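To keep things clear, I will list the structure first and then write my remarks on it.
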Amino acid sequence: MAHITIDGQIVPFEAGQTVMEAAMAAGVYIPHLCHHPDFTPHGSCRQCTVTLKNGWNITACTARAAEGQEISNNTEELNLVRKRLTQMLFVEGNHFCPACEKTGNCQLQGVAYHLNMMSNHYPQFYALRDLDATHPDILLDRNRCIFCNLCVRASHAEGKDVFAIAGRGINKHLVVNSESGKLIDSELTADDRAANICPTGALLVKGKAFQAPIGQRLYDHHDIDEITLGGRHGG
Amino acid sequence: MESFIDETLKKYQHQTTPLLMVLRDVQAQYFHIPKQAVELIAKGLDIPRTQIVAVVEFYHFFSFEPRGRYDIFLSDSITDQMLGKKALADYLCTKLQSPIGTVRADGVVSIDNTACTGLCDQGPALLVNGYAIGQLSEQRIDRIVAMIEQNRPVTEWDSDLFEVYDNIQQPGLLLNTKLPRGAALTAAWQRGLTETLDDIKASGLRGRGGAGFTTAMKWASCRATEETERYVVCNADEGEPGTFKDRVLLNSYTHDIFEGMTICAAILGAHKGFVYLRGEYLHLFNKLNAVLEERRAAGLLGDNILGYGWKFDIEIRLGAGSYVCGESSALLESLEGKMGIPRNRPPSSIIKGYLAKPTVLNNVETFVAAAHIAWQGSEWFASCGTEKSKGTKILSICGDCERPGIYEYPFGTTLKEVLKDCGASDVLGVQVGGPSGTFVSTRESDGRLTFEELSTGGAFIIFNHSRNIFDIVQNFTHFFAEESCGFCTPCRVGTSLLKKQFDKIHSGHGSAGDIKELRDIAKLIKDTSHCGLGQSAAEPILTTLERYPNLYERQIKQQYSFDPVFDLDGSLAVARKMSGRDDGHAHLTQVENK
Amino acid sequence: MAAKLKLATTSLAGCFGCHMSFLDIDERIMQLVELVEFDRSPLTDIKNCSPCDIGLIEGGVCNADNVHVLREFRNNCRILVAVGACAINGGLPAMRNSIPLEDCLRESYVNCIGIENPQIPNDPELPLLLNQVHPIHEVVRIDYSLPGCPPSADVFWKFLTDLIEGHEPSLDYDLVYYD
Ligand SMILES: Cc1cc2nc3c(=O)[nH]c(=O)nc-3n(C[C@H](O)[C@H](O)[C@H](O)COP(=O)(O)O)c2cc1C
Ligand code: SF4
Ligand code: SF4
Ligand code: SF4
Ligand code: FES
Ligand code: FES
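Protein chains in written order, with my numbering: chain Z, 6 to 240; chain C, 39 to 632; chain F, 39 to 217.
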C-alpha cells in the first residue's frame, strides 16, 4: 500500500486522502481547529501546518498525501509555530475562559493545553464584538469566534446557509442570515448541526453549559490528541 | 428602489456571477448599499443575503453607510506620498471642510484613503465617484472643489482633469510593433492551433504577472482536461503598488490583449472570456467595451471568428477595491460574485477554475506577448532575453527619477542600466516588484532583471537618499494589513501585529527585545500563510532587516529593557479630563526615569 | 544549603483569588518558609519591595498605581511572574474594556440610581483609571506566566520548587488550565 512517513512513522494512505485523513486513520495526531472530518477542508487556521523534506510547509488538512512524502509534524519548531498561531487567536478575540460556558470542553483551549501555552504572548486587541442572545435556544458570542467556518459549512450542508464570515482582514466577523441580522429571525434551530459544531464558546446551545463538573470535562485530564483520536470531540 | 434593482438585475441577466457589477451600480445610484437593496437582490438572484453582506463588507468601494455624493478616495501609495500627497490631501480637506475618513455633514462629500490607484507616474492621484484624476496640484484641487461646490455631476467636469497619459518612455520589442487587427489570429489559423501552442512553448514565454509560470504549459494542461467547457481570464487587476504597465496596455494595446485571449480560447476551445478589470481602472471600462464592439463588428469576436468557425466572446467585469483579488483564485471567486478569498489547491484553477470549469488565467502582458508570438513567431520573441527568461519585460518606473513611465527591456538588463535610462541619481534603493517584491540597495545594481534574479511583475519604485527607509516599510506594512483578506490566522492577525510592532519601533518606542519579536512575527506570517499576499506581507521588513540591520538597531532604545506596548499617559487622559486632575500623580512616564 | 530565595507578591487588578490559592498549599507553606523568605507581600505587610529573586504578580493593570507597583517589582525582582488569568490577559476586570471608560465612570459615579452626591472622584490620593485594563506583559517584561483563575496550589508549589531546585520550571498537562 502507498504510504507517507510522519516523523519517521510509516503512514499508509488511499488515493485521494489528505495527509490529515491518513494521519488520523493511523493514529497520528496533527493539531487542527478548522478541520472536521465531515466537511470539506477549509485550510484557514493553519494549525495543521507540517513540513516536507524540502523544507516547504503544507497544511495537512488540505494537502493530498503523495507516495513517499516525508513529513515532520510533532517537532519543537512546528509546535512553537502552532503555539504562536493559537496565541494570535487568543489575543484577536476576547477569551475570558473563567467566564465562558465552554470552558473545559473548548477545542481552542484543548489545542492550547496540548501546546503547553502558558500566556498569550502578544498584546491583546480587545476588539469590540457583538453578542447575539436573541434566540431562545442559542447564544452567539462573537468575542469567542475564531473564524473556523465550521458553522458556515454545516449550515450550508443543511441547506439553510444561516452563517457567513463577512468583512476583510482583522475586521472579519460572523454574520447571520436574517433581515435583522439577528439569530432569532434566522432559520437556525438548536438541533441543527450548525448550532452544535462550534469548537469554541462562540455558538452555544443554551441550557447545556456547566453540566460536567470541573475535573470531568473533556480536556481536564485528557490531552486533545487522545480525545481526537478516540473520536470524542464535541460538535 | 424596486424598479432600479429590477432593471439592474435585468441588465446582468439575473446572473449571480456579476454581483460586483450589480453592487457597483447600486453604490453609484444611492452612494451606499441600502439594506433594502440587499433584500431585493437576494430575492431577485435567489442567493443568501449573507453572500451580499459579505461582499459589501469585503470590497473597499462598497459601503453600507451612506457616502458623499462626491465620494473621493485619495491614492495613498508610497509614490503618491513622495509626490506630496499629504500636503495636498490637507489642502483638499481644508477646502472642502471634510476631514479624511468622514462624510461631510451635508452629505455632499466624503474623503477616504485607498491603496495605489495605478497612476504612480502621474500622481498624486484620487478617485472621484470611481474616476481617476492624476497630477494633483493646488490648482487642480481648486477646480475640483469648485465643481463640487457648484454641484456639477462628475460626468460634466472638464475632461482634461481625467486625462491619463500612457507615458511610454522606452518602447521595445512589443511596444514598438504595431499588431495589425486580426494578424495574430490569421497567423495562428494558418499555422494551426497545435503548432501555435508549440510555438508559444518554443518562445519560452512565462507569465508576466509575477509568478513566471510557463504560459504554454498552462494552456496545454487546460486543453488536456476532460471537461470541455473552458474559460479564458485576463488578470487586469494590477493592484501591486507601483505597477501601471497594464493600464497602458489596456489603453493603447487593447486589440493585442483581446487577440491574445482569442488565440488562447481557440487553442482551448473556450467560448467565453473575461477581463477582470480593477475598479480603479473604471476610466478604461467604456473604452474596452468599445473595442470589443469594434472587434465583434469586424468578425474578430463572435460565433464564427474570421470564418474559421471559432466561437468566442469577452466580457469586462470590474472589481471594487481589493488587492488580493489579483491572486488568481481570489480573482475567480470575485468573478463569481463572492469575496476574494484565495482557494485551496489542489485543484488548480487550470482544472477547476471559473465555476469549477477548466480556466486559463493570465496577466494582460502575457496575452499581449502571446498574440505577438502567434503573429511573428517564437524566434522573434526569444531573440532577446536570457536562457531562462526569454523576451522582454515591461516596467512601470516611478519614484525618484527624472523620467517616470513605461520602459520595455529585454530580460537580463541590469538595474544600473535601468536607473541610468530613467535619470535616477543619488539612489538609495529600488523596490523591485512592489511591496511584495524586494528592496534592492545600490550595492546590488549589477543585479539583472530576470525571473531567477530580480523578478518583478512590473513595479520598479526608485528612492533617493532623501527618503527614509522606515517610512517606506511602514507604508508597505500597513498596506498589507489593510489588504489581508482575513481568511487565514497568520495573515489576518499577524499582519496587524506586525504593523503594531513595526510602528512601535518606528515611533522610537522599541526596546531590546523588539527587533527579535518583529523578525519572529514576520517569519511566522511568511512561513504559514495561505496565499502569496501573506507569504510576502513581511518581505519589506525581512529584506530591510537583512540589508540594514544597523538602521533598526539605531532605532531602538538600548538602555531600556522594555517599553510598554501602549501609550501609558495617553491612557489616563479620559480619567484626567473627567476628574479635572492634572497633578503629578495624574500622569505616567512611558519608561521610567532612572 | 544555599541562601534563602527572596519572594515578593502583590495583587494589582485582581481579586486576591490567586493569593488565596497560593495559601492553599496548606502545610507545605512550612516547608516553603524554610526555603524562601517573604519580602513585600500582603502576607507580610512589607510596603516596599527590596531586591528579590522572585516576584509574583496577580491581576492586570487597570490604574496608574498598578503601573508604579509593577515597575517597583520589575526593578527589584530577578524573575517576574504573571500569576493568573488577570495578569495574563486582563481577565474578568478586562471585560470592562468593551465599554468606554467615560461611560463606566459616569454610570458608577453620576448616573447610577441612589447616588447622593454625583461627582467623579478627584482626590489626588486615588489612582486614575487607565482607559482599558491591560495584561502585565504589556507594561513590563515578564519571565514566566502561570495560567489559571486561579492557578491551583499545586501550580504554585511545582513552579516554586522547580525554581528553588534550580530547574527550568515546567507544568504537567493537568496543571495547565485557564479557568
Ligand atoms: C496577492 C497577489 C496579488 C496579485 N496580483 C496580480 C495582479 O494584479 N495582476 C496579475 O497579473 N497577477 C497578479 N498576481 C499573480 C496571479 O496570482 C497569477 O499568478 C498571474 O495572474 C498569472 O498570470 P501569468 O502567468 O500570466 O503571470 C497576484 C498574486 C498575488 C498572490
Ligand atoms: S471559547 Fe474557549 S478559549 Fe475562548 S473563552 Fe471560551 S473556553 Fe476560553
Ligand atoms: S462561530 Fe464557532 S463555528 Fe462559527 S466560525 Fe466562529 S468559531 Fe467557527
Ligand atoms: S495570506 Fe492573507 S490574503 Fe492570503 S488567504 Fe491568508 S489572509 Fe487571505
Ligand atoms: S486544520 Fe488545517 S488549516 Fe485548520
Ligand atoms: S486574580 Fe487570580 S485569576 Fe484573576
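A virtual CB, placed ideally from N, CA and C, is assigned to each residue, including glycine.
Given the structure is predicted, the values throughout are model-derived calculations rather than measurements.
Interface flag, residue i vs chain Z, CB-CB below 7 Å
{"i": "Glu278 of chain C", "result": "no"}
{"i": "Ser136 of chain F", "result": "yes"}
{"i": "Asp212 of chain F", "result": "yes"}
{"i": "Glu95 of chain C", "result": "yes"}
Interface flag, residue i vs chain F, CB-CB below 7 Å
{"i": "Met93 of chain Z", "result": "no"}
{"i": "Gly618 of chain C", "result": "yes"}
{"i": "Gly239 of chain Z", "result": "With a pLDDT of only 47 at Gly239 of chain Z, under the threshold of 50, the placement of this residue in the model should not be trusted, and no figure is reported."}
{"i": "Glu555 of chain C", "result": "no"}
{"i": "Val531 of chain C", "result": "no"}
{"i": "Ala104 of chain Z", "result": "yes"}
{"i": "His623 of chain C", "result": "yes"}
Local conformation of residue i per DSSP, three classes
{"i": "Gly239 of chain Z", "result": "Residue placement at Gly239 of chain Z is flagged as unreliable, the pLDDT there being 47, under the threshold of 50; a coordinate-derived value is accordingly withheld."}
{"i": "His226 of chain Z", "result": "coil"}
{"i": "Tyr684 of chain C", "result": "In this structure chain C extends from 39 to 632, so residue 684 of chain C is not present and cannot be described."}
{"i": "Leu174 of chain C", "result": "coil"}
{"i": "Gln539 of chain C", "result": "helix"}
{"i": "Gln170 of chain F", "result": "strand"}
{"i": "Asn513 of chain C", "result": "helix"}
{"i": "Arg116 of chain F", "result": "strand"}
{"i": "Asp438 of chain C", "result": "coil"}
{"i": "Asp91 of chain F", "result": "strand"}
{"i": "Ile71 of chain C", "result": "coil"}
{"i": "Tyr215 of chain F", "result": "coil"}
{"i": "Gly81 of chain C", "result": "Checking the sequence shown, residue 81 of chain C turns out to be Lys, not Gly. In the structure shown, Lys81 of chain C sits in a helix (DSSP, three-state: H, G or I)."}
{"i": "Thr140 of chain C", "result": "strand"}
{"i": "Thr54 of chain C", "result": "coil"}
{"i": "His207 of chain F", "result": "The sequence given here has Pro at residue 207 of chain F, not His. In the structure shown, Pro207 of chain F sits in coil (DSSP, three-state: anything other than H, G, I, E or B)."}
{"i": "Asn110 of chain Z", "result": "coil"}
{"i": "Ile90 of chain C", "result": "helix"}
Residue i: first and last residue of the uninterrupted alpha helix (DSSP H) it sits in
{"i": "Arg62 of chain C", "result": "57-68"}
{"i": "Glu233 of chain C", "result": "231-241"}
{"i": "Ile499 of chain C", "result": "Here Ile499 of chain C belongs to no alpha helix (DSSP H); instead the beta strand (DSSP E) covers 497-502."}
{"i": "Tyr129 of chain C", "result": "123-134"}
{"i": "Lys310 of chain C", "result": "Not the alpha helix (DSSP H): Lys310 of chain C falls in the beta strand (DSSP E), residues 310-315."}
{"i": "His8 of chain Z", "result": "Per DSSP, His8 of chain Z belongs to no alpha helix (DSSP H); it is in the beta strand (DSSP E), 8-11."}
Residue i at chain C interface by Cβ criterion, 7 Å
{"i": "Val15 of chain F", "result": "The structure shown does not extend to residue 15 of chain F, since chain F spans only 39 to 217, so no value can be given for it."}
{"i": "Val177 of chain F", "result": "yes"}
{"i": "Arg51 of chain Z", "result": "yes"}
{"i": "Asn149 of chain F", "result": "no"}
{"i": "Cys53 of chain F", "result": "no"}
Residue i CB to nearest heavy atom of ligand 7 below 6 Å
{"i": "Ser372 of chain C", "result": "Because ligand 7 does not appear in the structure shown, any question about it cannot be addressed here, the ligands present being ligand 1, ligand 2, ligand 3, ligand 4, ligand 5 and ligand 6."}
Residue i, enclosing beta strand (DSSP E) - first and last residue
{"i": "Arg333 of chain C", "result": "Here Arg333 of chain C belongs to no beta strand (DSSP E); instead the alpha helix (DSSP H) covers 320-335."}
{"i": "Glu353 of chain C", "result": "348-356"}
{"i": "Thr152 of chain C", "result": "147-152"}
{"i": "Gly467 of chain C", "result": "465-470"}
{"i": "Tyr590 of chain C", "result": "Run containing Tyr590 of chain C: none in the beta strand (DSSP E); it sits in the alpha helix (DSSP H), 587-593."}
{"i": "Ala274 of chain C", "result": "269-274"}
Anticipated Cβ contact below 8 Å, residue i with residue j, distance rounded
{"i": "Ile444 of chain C", "j": "Lys283 of chain C", "result": "6 Å"}
{"i": "Gly548 of chain C", "j": "Gln593 of chain C", "result": "6 Å"}
{"i": "Ala560 of chain C", "j": "Leu589 of chain C", "result": "At roughly 16 Å, the Cβ-Cβ gap does not stay under 8 Å, so Ala560 of chain C and Leu589 of chain C are not in contact."}
{"i": "Cys526 of chain C", "j": "Ser183 of chain Z", "result": "So it is not a contact: roughly 28 Å between Cβ atoms."}
{"i": "Pro396 of chain C", "j": "Glu265 of chain C", "result": "5 Å"}
Handout entry: beta strand (DSSP E) segments (min. 3 residues) lying fully within the segment 112-196 of chain Z
Key = Secondary structure remark: continuous beta strand (DSSP E) runs of at least 3 residues inside the segment 112-196 of chain Z, in chain order: 143-146, 168-171, 178-181.
Problem - 4-residue-minimum alpha helix (DSSP H) runs that sit fully inside the segment 20-96 of chain Z, ordered along the chain - result: Unbroken alpha helix (DSSP H) runs of no fewer than 4 residues, entirely contained in the segment 20-96 of chain Z, are found at 24-30, following chain order.
Handout entry: Complete runs of the beta strand (DSSP E) confined to the segment 373-419 of chain C [at least 3 residues]
Key = Counting only runs of at least 3 residues, the segment 373-419 of chain C fully encloses the following beta strand (DSSP E) elements, listed from N- to C-terminal order: 397-401.
Practice task
Kindly provide the ranges of any alpha helix (DSSP H) runs that are 4 or more residues long and lie completely inside the segment 153-231 of chain C, ordered along the chain.
Solution key: The qualifying runs are 176-187, 221-229.
Problem - In chain order, each alpha helix (DSSP H) run of at least 4 residues that lies wholly inside the segment 39-113 of chain F - result: Considered as a whole, the segment 39-113 of chain F harbours 55-61, 66-73 as its complete alpha helix (DSSP H) runs of no fewer than 4 residues, in chain order.
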